[in-house]
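Novice: Protein chains in written order, with the working numbering: chain A, 58 to 400; chain B, 982 to 1712; chain C, 180 to 520.
Heads up, the beta-carbon is just placed ideally off N, CA and C, and yes, glycines get one too.
These numbers come from a predicted model, not from an experiment.
Here it is: the structure, laid out below.
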Amino acid sequence: MLEIKDLKTNFNTYDGVVKALNGVNLTIKDGEIFGLVGETGSGKSVTCYSALKLLPKTGEVVGGNILLNGEDITHASEDRLRQIRGGEIGIIFQDPLSALNPVMTVNEQIGEILVLHQDSKIKELASEKEIPVYKSEKWKASPGVEFTIMAFCISFISLFIMLGQFTFSLPFLFVVGMMFLRDYLQKDIPDSALDLMVIDALSRVKLPNPKQIAQSYPHELSGGMQQRVMIAMALAGKAKMLIADEPTTALDVTIQAQILQLIKDIQKEENMSVLLITHDLGVVAETCEKVAVMYKGKIVEENTVERIFRHPKHKYTRALLNAIPKGGKERLKVPDVGEMGSI
Amino acid sequence: MLGVTVITFYLSYGMGDPLAPYVTERTTPEQYEMLAEKHGLNEPIHIQYVTYLRGVITFDWGYSEVVNEEVSEALRYRFAATLELSILAFIVAVATAIPLGIFSSIRQNRWEDHGIRLFALFGSAIPIFWFALFLQYFFTLYTDWQISLRYDPILWEITDPIEIKTNFLLIDSIAAGSWPHFIDALKHMILPATVLAYGSMATIIRLMRGNMLDVLGQDYIRTAKSKGLSENQVTYKHGAPNAMIPTVTLLGMGFAGLINGSVLTETIFTWPGLGAWAITAMRSLDVSAILAYTLFSAFLYIIANLIVDILYAFLDPRVELGGHSSIAEILVVSLSILMLIITLINIDAAVWFGFLILVSLSGLTIYSISKRMLDNPEDAWVIFLFAGTMFVVWSILSGFFMTIIYCTLAVYIGYLIYYLEDVKESLGPKLDEFKRASYQIKKNPLTILGLILVVSLLSIALFAPWLAPPAETQRDPMRMEEHFEYNFNHQPPCYFSCTAESGEEDGYILGSTDRGYDIYYGIVWGSRTSLDVAVKVVFTGTFIAAVIGAVSGYYGGRIDDIVMRITDVFIAIPGLVLALAIIAVTGDNSIEMLMYALIIVWWPGFTRVIRAEALRIRKLPYIEAAKAAGASDFRIIFQHVLPNCITSIIVIATMDMGGIVLSLAALGFLGFGGGPDLAEWGKLVSFGQDDILTGEWWGFFFPGLAIALWALGFYLLGDGVRDILDPKQRN
Amino acid sequence: MSNKILSIEGLRKHFPVKNVWGTDIALVKALDGVDLEIEEGKTFGIVGESGCGKTTLMRTLLRLVEPTSGSVVLSDEITQNQFLSNNLEELTNEELRSFRRQIGVVFQDPMGALNPRMLIKDIVSEPLVIHGKTENMRDRVIELLNNVGLGEEHLYRYPHEFSGGQRQRIVIARALALEPKILVLDEPTSALDVSVQAQILNLLNDLQEKYNLTYIFISHDLSVIEYMCDRLAVMYLGRVVEEADTEELFTNPQHPYTKALLSATPNFNKDKEKIMILGDVPSPITYLDESKAKLATEITEQERLEIKSIEGKGLDYIVRSSLNEVLPLKEVGPSHYARVK
């Protein structure tokens, strides 16, 4: 599915060039859940951002190849990359609240990705059911624009009345009146094809009342629901691969268990590939089939989960496993000060 | 709003004889008594206040002798003129500034960005009156476009009168269907509107750029990219709406800025608006007109902010309307409204009612503060702190200032010597900081430019006696000398070389004004005036603000409420207007008075910023940690809160060094602050303004350039300092 | 059985929620009747999800917030019979200062807990300055830094020059400056990597042995809690739902929430029995209006949906709404209490 060969990424900072990735090799096969573990700064997130060219301005891919289904996308055009993002690879981020746009409703945010990657399907659905394609309500701009119009009209009305010229306020009154009337007239128009697709996407991630959730803003949902919305969004474009960047770090343990279960279920249903990036070895052990351990911009060990936890080969992996408290009170085997690599 | 009326009333009360406009030489004492009786001046002060209040809410705002009409009547049609201009300017400003700001942010640190930033900085740094004069000069002399420079009502009132319905020229002409009128109105408006728009445009560009950069670094922008949206879609669909939210909240301020600017613009273009009217009134001490104008500006500001508040709640789904108000606030507001209603019905009852409210409110305040003091006796230092602040402010203003600076310096050096070991070792990290700072300055050419400007202007001020030695006959070097020998017959001001009556030729490096002042001398010594005023105002303002802001922000609660309401009252009146009113009302046209007026105008803004910082900092864990370790509030404020505010304090203080000189020059331009011979830049510009139509450009050009360079230098430096100290840039 | 050093009795903290008119419409019951006894020289763990009241409990213990009712009773160990009252809420300012000398605190986010404009030397010595112990301060600070594995060369540095683990060491050094008897640790390792976490945990264990410290260890990470704590309380919605010695609690959990929590923690043992909690974390807001007051105990829509999706997968589950019923705490084993029927 996704193959990364000898990937190298640098960051230009005040202190000079920082080599974030020193030749990363990864192969993710169809339909497997692949775990990528490492500590802060080991380059696990940078790997996935480099693969999709989502690096911040200071970052730069300086070497290596990225193959998606055998196609080399290292030097793909921006258009092709945009087809891939969302369309072939969906991404979930760590903190769902900050990763969702606070001023757009769930409906708008998911609708956007559907229009980008599932346009033909929406149109098909629309012609099949004879419903409008995108908007169920005509004459509706974004709330900000609507309100600005409203505010202008009302200020002008009050202004002209203050100046004693009622006749001049009539056109503005008309506009305001139409805006109120419009909502009343458009009450019974059925959902558009896009709305239906959004609701469908939301119910796939087991959200109750998808219609109501589609109308709400991200901050009105709980953390678990927000992450479900994120997942729904990543899947909406019918991506064949999901990259989950620390999807449960910001969540409570019990909610984490639910979200991981959801990812596993969906992976099974759709036979997707999942790349799970996390620092939590426990999460990897529970969810993944294969796992790679990253350290200082390199992959130090890669194997099946069973093997890596039973018989770690690399000394860093061993040290990492030893550092986790696992019941019992014996002293954890780490150096008292300094970094893990010094073992 | 009530607070504003208290201020205006207090101003009017302190103004000396409110009957002055009515009194002529022939007024007998009996007549005077009668007049006093008629205007209720013999009543005690609180009754007068309530009577005044009643007048205000029934739109009986008194009669203006000077312009010879009812104030409320004058307000009505002049307001329409000002509003028309302001709205036009506002639309132009918003419509151009927001796209420019967005564009600048997506091209961050490329040449487009630098260009737009410089353009914006010029907008804030150029004195508005100078820009107006420059445009006038340019369009009269170098184009033959018939853009009328000064408003003339001939077409409207004499040659071809059309029905005036709304007093909005554009709308009236449309209503009358008269194309020539429309074109004429547009021609009259285009220059003043451009001038007005440029200033606020600059502010909006900077705001929008900053907010946009903030937003573009957010996680949801990355999400949007990961969906496969194009750059443009990401910027305009996800970035811009989020960046608009904080921008919109400051548009209310922007509107107040327009009112400020309209005072100057209207005076120059003789636009028949409120601003020009107010200046006329102030020059002739027309009490009711000045007060009405002050009140009206405050009223407008409050309305604008109300609209912005609603807009904010609408734009940002996370905010709920009115969610932040408390019982106390609602109580005060409803009591005020009740008070106003009772005022309409019965004055006596209202007096008693108002008295009751005042007593209970102050009782509540005293109770809550004293309760706090009794509960935590160690908090009493707050009172001492305020007393100390007052002392320092007094000492700064009373020339005690340098002594204080020397004392502080001595104490500091003593401290350094005492802890020499410590200081030596802690120098290392400080040196690193310094290296990093100089590295960043080197990277940013604009900051270097600012630094050069500031240093050269400061050295001009420092070396003034050598650069422009005063004549031996001069008593005070700050006062310019008139060179009447070149100007007996009111000949036009001369440039470079003048021929005196005696036939002697004399050179002026930068020319002279029509009163024979040497512009070069004025500019050099004017830098001292600017420096003096700016430093004193900034120091005092910062000091008051740092103490009050930090205390109020850190404690929050009741104390914070009270402080914020007080600053609200001051902020509600546009700064220039308030300063003008204070000067006009005290009738003291000296530079010192102007300084006090500027301090009164500037401290609330400072206080707000520092309070906001303190509010942010007090929620941080290290404050909690210090509390848990048993640190006193005093220690927390001075050891933890203030040092972490220092970044923003330095940045604002630097910026305001420029801003204050702009205000000073504006006031000087209008003829306030010191006598006409005081070396002051704004005043020099005003001397030159009458000659521009005949082509004598140097009279306004050079002093204005000095102001602009000064402001630009400090703004650039402030921007640079912010970039260097911004902790976000460290990583 | 060692002595108890601190006990918490019926502690409640309710934050009012106001409507537009400024009247209270609801209460956030951050703490709703917590009783705990903390033994000297041991580590007492408090575990729960976000919003369960752990942090409020810590703040109340340090008297950074005043409780609504209930009290924290100090032992004679702390008061040394010199205080007028043993109740934390009734201490005078002077007594409070002396109490603060006995209790240190370590926060979750080490960067935020250090003033970015102070040198390490000033940060660590700050408690000493506040309490007027300024003689030999430099030596004392160096000793403290050595204790936590840092050295003299770090004295004149700013916090941003250190790594996360080092910063947490500095915070610990500061907390130990006044030789406290109790150390409150609020999620001390949750912002750190596993390896650094292990170092900090080892350090904490060493320090406890060396100074006979009592730890109150707050965390959401069960593996850390299991490793560190001698006794443990599980909190849910402002109440303690189960309290027992660590081993007993991990081997024999009684309350359904505890069971689910234990099984939800990611583990290497794949064959372990899984119990999912379905539904979302309920908000701790209680409306004063009676009609909205009760937390519904019937199954919600989302839970029903999730039950449907989970059935037939061989997973056990409980639903959130079943946890809303408040049962009295009763003894289910030797010093093992739980809110079960």
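Decide if the stretch 187 to 198 of chain C is in contact with the stretch 270 to 280 of chain A; the criterion is three or more beta carbon pairs, one per stretch, under 8 angstroms apart.
Specialist: Too few Cβ pairs lie closer than 8 angstroms, so no.
Novice: So, at 8 angstroms on beta carbons, what are the nonlocal neighbours of N384/C in its own chain, with the 5 sequence-adjacent residues on each side left out?
Specialist: Cβ neighbours of N384/C beyond the five flanking positions: M407.
Novice: Can you tell which of K360/C, I397/C and V350/C has the C-alpha that lies nearest to the C-alpha of K389/C?
Specialist: Checked all of K360/C, I397/C and V350/C; the closest Cα to K389/C is K360/C.
Novice: Assuming L230/A contacts L171/A under a Cβ cut-off of 8 angstroms, what Cβ separation, rounded to an integer in Å, is found between them?
Specialist: About 39 angstroms separates the two Cβ atoms, so there is no contact after all.
Novice: In terms of DSSP beta bridges, what is Y394/C paired with?
Specialist: Answer is T222/C and L362/C.
Novice: What did DSSP end up calling A250/A once you bin it into helix, strand or coil?
Specialist: Helix, per DSSP.
Novice: Taking 8 angstroms as the cut-off, decide whether the C-beta atoms of L293/C and Y1603/B are in contact.
Specialist: In this structure, Y1603/B lies closer than 8 angstroms to L293/C by Cβ.
Novice: When the distance is taken between beta carbons, is A1595/B closer than 8 angstroms to G1530/B?
Specialist: Yes.
Novice: Label G189/C either buried or exposed according to how many other C-beta atoms from any shown protein chain fall within 10 Å of its C-beta, with 16 as the threshold for buried.
Specialist: When all chains shown are included, G189/C counts as exposed.
Novice: Just list the residues that DSSP pairs R191/C with in beta bridges.
Specialist: Looking at the DSSP assignment, R191/C forms a beta bridge with D211/C and S248/C.
Novice: What is the DSSP secondary structure of I1202/B, counted as helix, strand or coil?
Specialist: Correct three-state label for I1202/B: helix.
Novice: Here's the rule I'm using: 16 or more other beta-carbon atoms within 10 Å means buried, otherwise exposed. How should M1015/B be labelled?
Specialist: With a pLDDT of only 48 at M1015/B, under the threshold of 50, the placement of this residue in the model should not be trusted; the figure read from the coordinates follows. It counts as exposed.
Novice: Which word fits F1071/B, buried or exposed, when buried means at least 16 other C-beta atoms lie within 10 angstroms of its C-beta?
Specialist: It is buried - the Cβ of F1071/B has at least 16 other Cβ atoms within 10 Å.
Novice: Going by DSSP, name the residue or residues bridged to N122/A.
Specialist: Bridge partners of N122/A: K62/A.
Novice: On the DSSP bridge assignment, give the partners of A349/A in chain order.
Specialist: Answer by DSSP bridge pairing, in chain order: L93/A and E359/A.
Novice: With DSSP as the reference, please indicate the residues paired to E539/C in a beta bridge.
Specialist: Residue numbering for chain C in the displayed model covers 180 to 520; residue 539/C lies beyond these limits and cannot be assessed.
Novice: Leaving aside the five residues before and after I1087/B along the sequence, list all residues of the same chain whose C-beta is less than 7 angstroms from its C-beta, in chain order.
Specialist: If we look at I1087/B and ignore the five residues flanking it on each side, its Cβ neighbours are T1216.
Novice: Counting only C-beta atoms, is R1203/B closer than 8 angstroms to chain A at any point?
Specialist: Yes - at least one Cβ of chain A is within 8 angstroms of the one on R1203/B.
Novice: Rounded to the nearest angstrom, how far is the Cβ of F286/C from that of D365/C, given a contact under 8 angstroms?
Specialist: Indeed they touch by this definition, with Cβ atoms about 6 angstroms apart.
Novice: Would you please verify whether the beta carbon of K1517/B is less than 8 angstroms from any beta carbon of chain C?
Specialist: K1517/B does not count as touching chain C.
Novice: On the DSSP letters alone, give me the boundaries of the alpha helix (DSSP H) that S330/A sits inside.
Specialist: Run containing S330/A: none in the alpha helix (DSSP H); it sits in the beta strand (DSSP E), S330 to T335.
Novice: Using a beta-carbon distance cut-off of less than 7 angstroms, what residues from the stretch 159 to 187 of chain A approach chain B?
Specialist: Per Cβ criterion, the list reads P159, V160, E169, I170, L173 and H174.
Novice: Using three-state DSSP, classify V75/A as helix, strand or coil.
Specialist: Of the three classes helix, strand and coil, the one that applies to V75/A here is strand, per DSSP.
Novice: Taking a contact to mean a Cβ-Cβ separation below 8 angstroms, would you say L278/A touches I323/A in this structure?
Specialist: No, they are not a contact pair.
Novice: Using the C-alpha atoms, what's the distance from T97/A back to D129/A?
Specialist: Answer to the nearest angstrom: the Cα atoms are 29 angstroms apart.
Novice: How is V423/C classed by DSSP in three states: helix, strand or coil?
Specialist: One detail in the question is off: residue 423/C reads as Ala in this sequence, not Val. Three-state result, A423/C: strand.
Novice: With respect to the beta strand (DSSP E) encompassing Q284/C, which residues constitute its N-terminal and C-terminal limits?
Specialist: The amino acid occupying residue 284/C in the given sequence is Val; Gln does not appear at that position. Here the beta strand (DSSP E) through V284/C covers I282 to V285.
Novice: What three-state label does DSSP hand I206/A in the structure shown?
Specialist: DSSP places I206/A in helix when its eight states are reduced to three.
Novice: Between the C-alpha atoms of R1091/B and I1097/B, what's the straight-line distance to the nearest angstrom?
Specialist: Each residue's Cα considered, the two are about 10 angstroms apart.
Novice: Using a Cβ cut-off of 8 angstroms (strictly closer), state whether L416/C contacts chain A.
Specialist: False, the Cβ-Cβ gap to chain A never drops below 8 angstroms.
Novice: Among E332/C, L382/C, N431/C and F278/C, which has the Cα closest to the Cα of E358/C?
Specialist: Cα-wise, what sits closest to E358/C is F278/C.
Novice: So L1443/B is in the alpha helix (DSSP H); what residue range does that whole segment cover?
Specialist: From DSSP, the alpha helix (DSSP H) with L1443/B extends over P1426 to L1443.
Novice: Short of 7 angstroms in beta carbon distance, which residues of its chain neighbour F1112/B, apart from the five on each side in sequence? Order them along the chain.
Specialist: The answer, listed in chain order, is V1176 and Y1179.
Novice: In chain C, which residues lie with their C-beta within 7 angstroms of the C-beta of L1210/B?
Specialist: Going along chain C, no residue has its Cβ under 7 angstroms from L1210/B, so there is no contact; the nearest lies around 30 angstroms.
Novice: Contact between the stretch 333 to 344 of chain C and the stretch 263 to 283 of chain C: three or more CB pairs below 8 angstroms?
Specialist: The stretch 333 to 344 of chain C vs the stretch 263 to 283 of chain C: no contact.
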